[in-house]
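Quick note on the UniProt record's numbering: the sequence shown kicks off at 1 and runs consecutively.
Ideal placement from N, C-alpha and C gives every residue a C-beta, glycine not left out.
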Amino acid sequence: MIVNGHVVNEVGEFQMRSQMVNWFFLALSVSDLTVLIATFFVFSAPVIAEDSGSFTLVNASPRLLVFFYPFAHIAHTTTVYLTILVSVHRYLGVCHPFLVGIQK
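Below, the structure written as structure tokens:
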């Protein structure tokens, strides 16, 4: 979470917004944060509800699972594809620098 906050803070700088890889990192940190929040409700909330003994929380747990489970998978898939996108972008920037336009 600290790294996600740092990436969001760095992209806020004007000079950092001009580089494409920083936008990729911003999107990656947002999708990682979404994964963290959604998987908390998918995996931890049902256990917390059962341990609390509250009938209301136990009844709300399946509804939370149905709501957050698709978000968890969508965010996880987005994270994987953004990681591949950053890797390809960095590969092209390092191994084929003249194919990637210079951004100032």
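Within the same chain, show all residues whose beta-carbon is closer than 6 Å to that of residue 49, passing over the 5 residues directly before and after it, in chain order.
-> Against the sequence shown, residue 49 aligns to sequence position 49. In chain order, 57, 58, 61 place their CB closer than 6 Å to the CB of residue 49, counting only its own chain and leaving out the 5 sequence neighbours on each side.
Proximity below 9 Å, CB of residue 77 to CB of residue 28 | In the sequence shown, the residue the question calls residue 77 occupies position 77. In the sequence shown, the residue the question calls residue 28 occupies position 28. No, these two residues do not count as a Cβ contact at 9 Å.
C-alpha distance - residue 65 paired with residue 43, whole-angstrom precision = For the purposes of this step, residue 65 is taken as the residue at position 65 of the sequence shown. For the purposes of this step, residue 43 is taken as the residue at position 43 of the sequence shown. Distance between the alpha carbons of residue 65 and residue 43: 8 Å.
Beta carbon of residue 24, beta carbon of residue 86: below 9 Å?
-> On the sequence shown, position 24 is the one that residue 24 refers to. On the sequence shown, position 86 is the one that residue 86 refers to. Yes, Cβ-Cβ distance for residue 24 and residue 86 is below 9 Å.
Could you check if residue 54 is buried or exposed, using at least 16 other CB atoms within 10 Å of its CB as the buried criterion?
-> On the sequence shown, residue 54 is found 54 positions in, with the first residue counted as 1. That one is exposed.
Sub-9 Å separation of residue 67 and residue 41 beta-carbons = By 1-based counting over the sequence shown, the position of residue 67 is 67. By 1-based counting over the sequence shown, the position of residue 41 is 41. Yes.
Nearest to residue 19 by alpha carbon, out of 74, 99, 96, 89?
-> The residue you call residue 19 lines up with position 19 of the sequence shown. The shortest C-alpha separation from residue 19 is found at 89.
Residue 71 versus residue 45 - alpha carbon distance | For this step, residue 71 is matched to residue 71 along the sequence shown. For this step, residue 45 is matched to residue 45 along the sequence shown. Cα to Cα, the separation comes out at about 15 Å.
Take residue 31 and list the residues in its own chain whose beta-carbon comes closer than 7 Å to its own, dropping the five residues that flank it on each side.
-> Taking the sequence shown and counting its residues from 1, one reaches residue 31 at position 31. 75, 78, 79, 82, listed in sequence order.
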